[in-house]
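Those letters in the sequence shown? Residues 824 to 1174, by our numbering. Cβ coordinates follow ideal geometry from the N, Cα and C atoms, glycine included. The structure presented is a predicted model; accordingly, all values stated were derived computationally and were not measured. To start, the structure itself, in C-alpha cells.
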Amino acid sequence: MKKILITGGAGFIGSHVVRLFVEKYPGYQIYNLDKLTYAGNLANLKDIENKPNYHFIKADIVDGDAIMKLFETHRFDSVVHLAAESHVDRSISNPMEFILTNIVGTVNLLNAARHYWCENLEEKRFYHISTDEVYGSLGETGFFVETTKYDPHSPYSASKASSDHLVRAYHDTYKLPVVISNCSNNYGPNQFPEKLIPLIINNIRHNKSLPVYGKGENVRDWLYVVDHARAIDLIFHIGIDGETYNIGGHNEWRNIDIIRLICKLMDEKLNREAGSSEKLITFVKDRAGHDLRYAIDSSKLQHELGWVPSLQFEEGIRKTIDWYLENQPWLDEVTSGNYLKYYEQQYDLKR
Ligand code: NAD
Ligand code: TYD
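What follows is the structure, given as C-alpha cells:
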C-alpha cells in the first residue's frame, strides 16, 4: 500500500490532485500536508474529507524538524510536492515568504526523503510540481521545451527555479528518485481570486473595475486544472526518474482577449445587457518585470506518456464561470477579511 504525502493539497491545484488520488486509488493512503495560508482552504476538499484513505496534516514545510518527525511517524514512500507561495504580484511586494516556502521548504522535504529513503529506492518517488515561468519570457514566436534555459524574472519564478535546481541536485548527488513537471497557467474551480481569471469573474459579479496590467497584450497558455491533475497522475505513475515533463494545453490567449471573452460570457450568464461588463475594463500600471509570453510545448508528455488535455478552452471557461457563480459563498468567504486589505494595497498602487 502506498503512503503518499501531497503538500499544498488545500490549495487550488493541490485540492484537485488530492481528490483525483483519493477517489481513483482507494488502496493508497493520501496525506495532505498544508499550512493553510490565505491560499489554503479545506472547504476545497469537503466532498472527500471523510474518505478512509484521506488524512489531513496541518504543518509548515519551512519547519524542518516538524517535517522530519512527520516522515518518522508516517514513513511516506512518495511525495507529490505542490505547496508553494504562488502569486507573482505577492512575490514582488514580499519576496522573503517565497524564498522560505519555495526554496527552504522544498529542501526540508528533500532532506527528509533522503534521510528516510535508504532502501528500495525503486519504490520511492519525489515528484516536484513546478511552473513554466522558470523559463522566463518568450517573444512573439517559439515554445518552451524541457531543455529551454532557465531565465526567471520574478521573485516567484526565481524561487521556483531554485527549487527545481535543488531537486535535480538531490537526484544527481544523492540518487534521490525525483521527477519534475513544469506547467503553464492553470484555470478552473477553486482558484484563489488574486489570479487573473477568478479575479475578473468576481469583479464583474460586483460591478467593480477590471484591472488590466499594461496594454493587456501579455500572452498566457491556459490549461484546465483537472487536466493538470491528470498529467500529474500519469507522471507520478509512469514518468521516468530524473526526467522533466512540460505540461500545457496549446491554448494561448492575450490577457485582454480572455478578459473580453469572460465579459461576454458573464453578460449572458447574469442576463446583463451585452457589452456592459466590458465597460468595467480599466488599464492600470503594468506589473514590474512582466513576462510577455509563455507557451509550452508538451509533446514529450504527449508522445512518451500518452497525455492529452481533455477539455477545449471554450468548454473549460464556461465550466469555470458556472462553478464560481454556483459557489458564491466560497467566493464571498475567501474575498472577505485579509483579501480586502491585499486588494487595496495591490490595486491602489496601480491606479
Ligand atoms: P495555491 O497558492 O493555490 O496553493 C498553495 C498551497 O500551498 C496552499 O494550500 C497553501 O496553504 C500551501 N502552502 C503555502 N505555504 C506553505 C508552507 N510553508 N507549508 C505548507 N503549505 C504551504 O497554489 P496553486 O496555484 O495551487 O499552485 C500549486 C503548485 O503548482 C505550486 O507549486 C505552483 O508553483 C505550481 N504551479 C501553479 C500554476 C498555476 O497556474 N497556478 C501553474 C504551474 C505550476
Ligand atoms: P496571473 O493570474 O497572476 O498569473 P501569472 O502572472 O502567474 O501568469 O496573471 C495572468 C496574467 O494576467 C499576467 O500577464 C498578469 C495579468 N493580470 C492582469 O492584467 N490583471 C490582474 O489583476 C492580474 C491578477 C493579472
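Step through the CB atoms of chain C and report whether any lies within less than 8 Å of the CB of Leu868. Among the protein chains of the structure shown there is no chain C, as only one such chain exists.
Q) Tell me, which residues are paired with Val1107 by DSSP? A) Tyr1036
inquiry  = For the segment 948-968 against the segment 1013-1032, do three or more pairs of beta-carbon atoms, one drawn from each stretch, fall closer than 8 Å, so that the two count as touching?
reply    = no
Subject >> DSSP-derived helix/strand/coil call for Cys1006 >> reply: Strand.
| said: What would DSSP say about Val1042, mapped onto helix, strand or coil? | reply: strand
message = Taking 7 Å as the cut-off, is the beta-carbon of Glu920 closer than that to any non-hydrogen atom of the ligand TYD?
response = no
Using CA atoms only, rank isn't needed, just tell me which of His1051, Glu969 and Ile1058 is closest to Val1001. With distances taken between Cα atoms, Val1001 lies closest to Ile1058.
**Prompt:** In terms of alpha-carbon separation, which member of Asn873, Ser1007 and Tyr861 lies closest to Pro849?
**Reply:** Asn873
Classify His938 as buried or exposed, calling it buried when 16 or more other Cβ atoms lie within 10 Å of its own Cβ.
-> Burial state of His938 is exposed, judged by a 10 Å Cβ sphere holding fewer than 16 other Cβ atoms.
- Task: Verify the contact flag: Arg898, CB atom, against every heavy atom of the ligand TYD, threshold strictly below 7 Å.
- Result: Answer for Arg898: no, Cβ out of range of the ligand TYD.
Next on the checklist: Rounding to the nearest angstrom, what Cα-Cα distance links Ile853 and Pro875 in this structure?
Outcome noted: 9 Å
- Query: Is Thr964 helix, strand or coil by DSSP?
  - Reply: Here Thr964 sits in coil by DSSP.
Taking only the alpha-carbon atoms, compute the straight-line gap between Thr1143 and Pro1016 and give it to the nearest angstrom.
12 Å
Margin query: Could you tell me the alpha carbon to alpha carbon distance between Thr830 and Val903, rounded to whole angstroms?
Written below: 6 Å
Original post:
So, using beta-carbon positions, are Asp1044 and Ile1119 closer together than 8 Å?
Top reply: yes
* List the DSSP bridge partners of Ile829. => Asn855 and Val903
request  = Please report how far the alpha carbon of Ile871 lies from the alpha carbon of Gly832, in whole angstroms.
outcome  = 12 Å
- [ ] Write down the C-beta distance between Gly1139 and Tyr1010 rounded to the nearest angstrom, noting that I regard them as a contact closer than 8 Å.
- [x] 7 Å
*Can you give, in chain order, each stretch of the beta strand (DSSP E) that sits fully within the segment 1055-1138 and has at least 3 residues?*
Listed in chain order, they are 1067-1070, 1075-1077 and 1104-1107.
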